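Trainee: One structure follows; several queries about it will come next.
Residue numbers (UniProt numbering): 1 to 456.
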């Protein structure tokens, strides 16, 4: 398959208020898809999914995340609708791939699972997670999977596992709540940047087998068929051959690790895939792909500040210029700053506090914190260089997550780079970084940390 095209679906986090408003107004067939998802949501008594997706004044992602099932359904519905719109433009792709819960979207897009049943799977998984109550979380580390496995071994315990291999420079470790702090301490001692993600459960971990069994039992009657298109599964590590493979993904997507890095390398090296189109309303996977694949690979995803799905469709079809430039050299921020990080498949968000990354320091002289205007300019430069965005998209009122599609882990990593540059402490655990949604708010946080340091 020479010069193949991959359609990839991100997991949780693909939500922007009103993003589908005009698209579904113009296409009743697409509106009917949202109606199907709404019908499932009503059966589970969790409220409308189409309302926030078609109302530009709808809730921000932080508010919607208070009901995680709705956010999952919104991510699924928006990606699936966008894919159908892409097909209407004549682009089916040669291979479909989903990352994490995006595998459910890929199965639906590939015809192995109906839209209502895919929505039900997402609802049942949240019920199972809540009922089993196996609490824990995820920690993103700026190392490859082999080094991440060594960190797990050094930390000890029963539950720590490498759950997601995103790129050569980023892995995600899962574990139960008692063992994650020990892992973070080991990472800190090893000089590895570690970022606790805003999730309550140890996703893609064998500790969730009781929840996975509940999902399997609840979905046993669903009609799952052979895929009608090529679907490559990062969970299986191969193509989905038949209905049994599709069933295996549904049954095991809570417990089995996700090798996204291995999947896209295999498709590039062995199957000639050269175009990677991320079909979602935010750019989540493109930066991991950029760290993994050779320079010159075509990587297309949602542009920053996209408020209308038609803007995304224009980029994916080549009618507009995508935001990802050719690979850039790593920008040295300070003698110990981390290189630009890949975006993580967006973590689930809840009301708990985020544990901040633990960067290593080297004792060099502390720089004086500049005044607000210069500090904002520095923030814009760091974010723009790391993400490949033009600086002018970082307006004072641009929501970093909802408007610019910057995953919370990415925001945290870039904040830590600046804190590290000025030798400022990381925020205390009770500070909820998700509340700092714009560059001016981040600047205010940095100034507060500097003031606290001066007072001490």
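Virtual Cβ for every residue (Gly too), placed ideally from N, Cα, C.
Please read all numbers here as calculations on a predicted model, not as lab measurements.
Suppose contacts are defined by Cβ-Cβ distances below 9 Å. Is residue 151 in contact with residue 199 by that definition?
Mentor: Their beta carbons are not under 9 Å apart, which means residue 151 does not touch residue 199 by this criterion.
Trainee: Quick check on DSSP: helix, strand or coil for residue 260?
Mentor: Residue state, collapsed to three classes: helix.
Trainee: Nearest to residue 259 by alpha carbon, out of 69, 171 and 122?
Mentor: The residue with the shortest Cα to Cα distance from residue 259 is 171.
Trainee: Classify residue 351 as helix, strand or coil using the three-state DSSP reduction.
Mentor: Below a pLDDT of 50, predicted positions are generally treated as unreliable, and residue 351, at 31, falls in that range; the measurement from the model is reported next regardless. Correct three-state label for residue 351: coil.
Trainee: Cβ atoms of residue 400 and residue 427: under 9 Å apart, would you say?
Mentor: No, the pair does not count as a contact, with Cβ atoms beyond the cut-off.
Trainee: In the DSSP assignment, what residue or residues form a beta bridge with residue 275?
Mentor: Bridge partners of residue 275: 5 and 298.
Trainee: Any contact of the region 201 to 215 with the region 161 to 178, i.e. 3+ C-beta pairs under 8 Å?
Mentor: Touching, yes, given that three or more Cβ pairs across the two stretches are closer than 8 Å.
Trainee: Over what stretch of residues does the alpha helix (DSSP H) that includes residue 282 continue unbroken?
Mentor: Here residue 282 belongs to no alpha helix (DSSP H), and DSSP marks it neither H nor E.
Trainee: Confirm, please, whether the CB-CB distance from residue 280 to residue 111 is below 9 Å.
Mentor: Against a cut-off of 9 Å, the Cβ pair of residue 280 and residue 111 comes out as no contact.
Trainee: Under the rule that 16 or more other beta-carbon atoms within 10 Å means buried, what is residue 32, buried or exposed?
Mentor: Exposed.
Trainee: Inspect the beta-carbon positions of residue 101 and residue 83 and report whether they are closer than 9 Å.
Mentor: Going by C-beta atoms, residue 101 is not nearer than 9 Å to residue 83.
Trainee: So which of 25, 391, 412 and 39 has the shortest CA-CA distance to residue 310?
Mentor: Considering only alpha carbons, the answer is 25.
Trainee: For residue 256, does the count of other Cβ atoms within 10 angstroms reach 16, so buried, or fall short, so exposed?
Mentor: Residue 256 should be labelled buried.
Trainee: Let's see if you can read the secondary structure: which residues bound the alpha helix (DSSP H) around residue 78?
Mentor: Where residue 78 is concerned, the enclosing alpha helix (DSSP H) stretches over 68 to 88.
Trainee: Can you check whether the CB of residue 437 is closer than 9 Å to the CB of residue 62?
Mentor: Result yes, Cβ atoms of residue 62 and residue 437 sit closer than 9 Å.
Trainee: Just how far apart, CA to CA, sit residue 145 and residue 232?
Mentor: Using only the alpha carbons, I get a separation of about 20 Å.
Trainee: Classify residue 457 as helix, strand or coil using the three-state DSSP reduction.
Mentor: Beyond the ends of the chain as shown, which are 1 and 456, falls residue 457; an answer cannot be given.
Trainee: Could you tell me the distance, in whole angstroms, from the CA atom of residue 107 to the CA atom of residue 216?
Mentor: Spanning the two alpha carbons is a distance of roughly 16 Å.
Trainee: Does any residue of chain B have a CB that is nearer than 9 Å to the CB of residue 265?
Mentor: Absent here is chain B; the protein component of the structure consists of one chain.
Trainee: Using 10 angstroms around the beta-carbon of residue 391, count the other beta-carbons present and answer buried if the total reaches 16, otherwise exposed.
Mentor: That one is exposed.
Trainee: Could you check what DSSP says for residue 141 in three-state terms: helix, strand or coil?
Mentor: Correct three-state label for residue 141: strand.
Trainee: Can you pull the DSSP bridge partners for residue 232?
Mentor: 97 and 239, per the DSSP bridge assignment.
Trainee: Give the secondary structure of residue 442 by DSSP, where H, G and I count as helix, E and B as strand, and everything else as coil.
Mentor: Of the three classes helix, strand and coil, the one that applies to residue 442 here is helix, per DSSP.
Trainee: Quick check on residue 322: buried or exposed, where buried means 16 or more other Cβ atoms within 10 Å of its Cβ?
Mentor: Note on residue 322: pLDDT 44, under 50, position unreliable in the model; no value is reported.
Trainee: Mind reading off the beta-carbon distance from residue 249 to residue 235? Whole number of angstroms is fine, and I expect it under 8 Å.
Mentor: Right, their Cβ atoms sit about 6 Å apart.
Trainee: Could you have a look at residue 473 and say whether DSSP puts it in helix, strand or coil?
Mentor: Outside the modelled stretch of the chain, which goes from 1 to 456, sits residue 473, for which no answer is possible.
Trainee: Using the Cα positions of residue 262 and residue 29, report the straight-line distance between them to the nearest angstrom.
Mentor: Cα-Cα distance, rounded: 36 Å.
Trainee: Mind checking which residues open and close the beta strand (DSSP E) that includes residue 164?
Mentor: Counting along the chain, the beta strand (DSSP E) containing residue 164 begins and ends at 161 to 167.
Trainee: Just the C-alpha distance for residue 77 and residue 312, rounded to the nearest angstrom, thanks.
Mentor: Distance between the alpha carbons of residue 77 and residue 312: 15 Å.
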